[in-house]
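Undergrad: In the working numbering, the protein residues as written are 1 to 267. Each residue gets a CB set at the ideal place from its N, CA and C atoms; glycine is no exception. Mind having a look at this structure? Questions to follow.
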Ligand code: 2HA
Ligand code: ZN
């Protein structure tokens, strides 16, 4: 097995374990994809077997010839943690970006199919490629805290979610200064949820999907997980205060402004 691929498997396995331990990956919930086009050499690529081409519902020309590691359909994060190779598939788009095929080692049995969220993942990677953005990892999980928060109609609103997040602890202003994007409910696994998400990715790297979970794009998976974890922890502070019977006082606008002035003085 090539070293680079082994490393990606390891990192996906590690993050899959975090998602399972956090309780954000019940059953086959959550999915992960990584653009590995720049990591695989021509020789390695040519040594792999491949399936037939499958048509994509939408063509993604900027992804022509690109290669992704993506969680397999039905895979459980707790299993991906133990056996990353069994729960992941490598896919390659054709030169026009309108079809994909599954790549696999000649020794492997029938390769698994990609996750039901592949349309949203590819729509996001297509956006990142078109915009020449540096992010390569897309992480989605059923983050309990974000699902619970968006059951409160007060928080089906991006501005209110961000005011809350920034007010609860300094870390959210430090690490998510642009705030999170909020996507009203869409059917899971649809191109529609992908399209609504890329609109928000123009300004945000962290997305809350109403009553479904969270999605984060980052340069690598560990960093994507860090941000997801930060959002969940921050919302958990809110719920803990409410459960203890009081509304959190929140940092004041001045305190949040001072944090911004200290850490982002030029903005
Ligand atoms: O893969 O998380 O959104 C299952 C899901 C669908
Ligand atoms: Zn989901």
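(1) Mind checking which residues open and close the beta strand (DSSP E) that includes residue 90?
(2) Over what stretch of residues does the beta strand (DSSP E) that includes residue 213 continue unbroken?
(3) Residue 188 and residue 210 - do their beta-carbons sit closer together than 8 Å?
(4) Using the three-state DSSP reduction, which class does residue 103 fall into: helix, strand or coil?
(5) Please look up how many angstroms separate the CB atoms of residue 93 and residue 104, rounded, as I've assumed it's under 8 Å.
(6) Taking contact to mean at least 3 C-beta pairs separated by less than 8 Å, is the stretch 75 to 82 in contact with the stretch 12 to 30?
(7) Report all residues from its chain with a CB closer than 7 Å to the CB of residue 51; omit the five preceding and five following residues, and keep chain order.
(8) Compute the Euclidean distance between the alpha carbons of residue 259 and residue 250, then round it to the nearest angstrom.
(9) Verify whether the separation of the beta carbon atoms of residue 135 and residue 219 is less than 8 Å.
(10) Pull every residue with its beta-carbon under 6 Å away from any heavy atom of the ligand ZN, and keep them in chain order.
(11) Please name the residue in 28, 231, 61, 248 whose C-alpha comes closest to that of residue 147.
(12) To which residues of the same chain is residue 215 closer than 6 Å at the C-beta, ignoring the five residues directly before and after it?
(13) In the DSSP assignment, the beta strand (DSSP E) including residue 68 goes from what residue to what residue?
TA: Reading off the structure:
(1) For the purposes of this step, residue 90 is identified with residue 90 of the chain shown, where counting begins at 1. Where residue 90 is concerned, the enclosing beta strand (DSSP E) stretches over 88 to 93.
(2) Along the chain shown, one-based indexing puts residue 213 at 213. Note, residue 213: beta strand (DSSP E), 213 to 218.
(3) Along the chain shown, one-based indexing puts residue 210 at 210. Along the chain shown, one-based indexing puts residue 188 at 188. For residue 210 and residue 188, no; Cβs fall outside 8 Å.
(4) The residue you call residue 103 lines up with position 103 of the chain shown. Correct three-state label for residue 103: strand.
(5) The sequence position of residue 93 within the chain shown is 93, counting from 1. The sequence position of residue 104 within the chain shown is 104, counting from 1. That pair is no contact at about 16 Å.
(6) yes
(7) What you label residue 51 is simply residue 51 of the chain shown in a count that begins at 1. 101, 102, 111, listed in sequence order.
(8) Sequence index remark: in the chain shown, residue 259 carries index 259 (1-based). Sequence index remark: in the chain shown, residue 250 carries index 250 (1-based). Cα to Cα, the separation comes out at about 14 Å.
(9) To locate residue 135, count along the chain shown from 1; it is residue 135. To locate residue 219, count along the chain shown from 1; it is residue 219. In contact: residue 135 and residue 219 (Cβ atoms closer than 8 Å).
(10) 29, 140, 142, 188, 212, 213
(11) Taking the chain shown and counting its residues from 1, one reaches residue 147 at position 147. Checking every option, the nearest Cα to that of residue 147 belongs to 231.
(12) To locate residue 215, count along the chain shown from 1; it is residue 215. Cβ neighbours of residue 215 beyond the five flanking positions: 140, 207.
(13) Within the chain shown, the letter at position 68 stands for residue 68. Residue 68 -> beta strand (DSSP E) spans 67 to 71.
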